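Q: The sequence shown begins at 2 in our numbering and counts up one residue at a time. If you scroll down you'll find the structure; I have some questions about it.
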Amino acid sequence: MEREQIEDLFEESGYHGLNSKLAYKVWMTGVWDEEDEDKIEAFIDAYSFEGEGILTDDLLYHYRIFAYIHGKNESSLFQRQIF
Numbered sequence: 002m003e004r005e006q007i008e009d010l011f012e013e014s015g016y017h018g019l020n021s022k023l024a025y026k027v028w029m030t031g032v033w034d035e036e037d038e039d040k041i042e043a044f045i046d047a048y049s050f051e052g053e054g055i056l057t058d059d060l061l062y063h064y065r066i067f068a069y070i071h072g073k074n075e076s077s078l079f080q081r082q083i084f
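In structure tokens form, the structure reads like this:
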């Protein structure tokens with residue numbers, strides 16, 4: 002994902018101030034290069050950026066947790082496990 006796309010995601014979610022603070026740093030890590038834009042958008046909508054400053058590492062840590070749970074929820078919709 003390009004830096005401009007990340008900036009647009011923050012902008013569309015109402016976090017204008019995060020463009021300069023996080024978008025460039027997230028882009029430089031490359032973590033979101035191969036990620037689904039809808040999943041990232043859902044994360045930004047679900048995550049609260051209010052209050053204290055946000056570190057890039059903290060944001061990406063929370064994203065990884067969100068992505069793991071999101072993936073588990075998607076796969077469990079179509080698979081039934083018998084115990």
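For glycine and all other residues, C-beta sits at the position ideal for the given N, C-alpha and C. Keep in mind that this is a model prediction, so the values were computed, not measured.
(1) Which of the three DSSP states, helix, strand or coil, is assigned to residue 44?
(2) Between the C-alpha atoms of residue 25 and residue 16, what's the straight-line distance to the nearest angstrom?
(3) If I measure Cβ to Cβ from residue 44 and keep anything under 6 Å in the same chain, skipping five residues before and after, which residues do I get?
(4) Please report the Cβ distance between residue 14 and residue 46, rounded to the nearest whole angstrom; I am assuming they are in contact, meaning their Cβ atoms lie under 8 Å.
(5) Would you report the Cα separation of residue 57 and residue 28, rounded to the nearest angstrom?
A: On the basis of the data shown:
(1) The answer is helix: DSSP assigns residue 44 an H, G or I state.
(2) As the crow flies, the alpha-carbon of residue 25 is around 14 Å from that of residue 16.
(3) Taken in chain order, the residues that qualify are 64 and 67.
(4) 6 Å
(5) 10 Å
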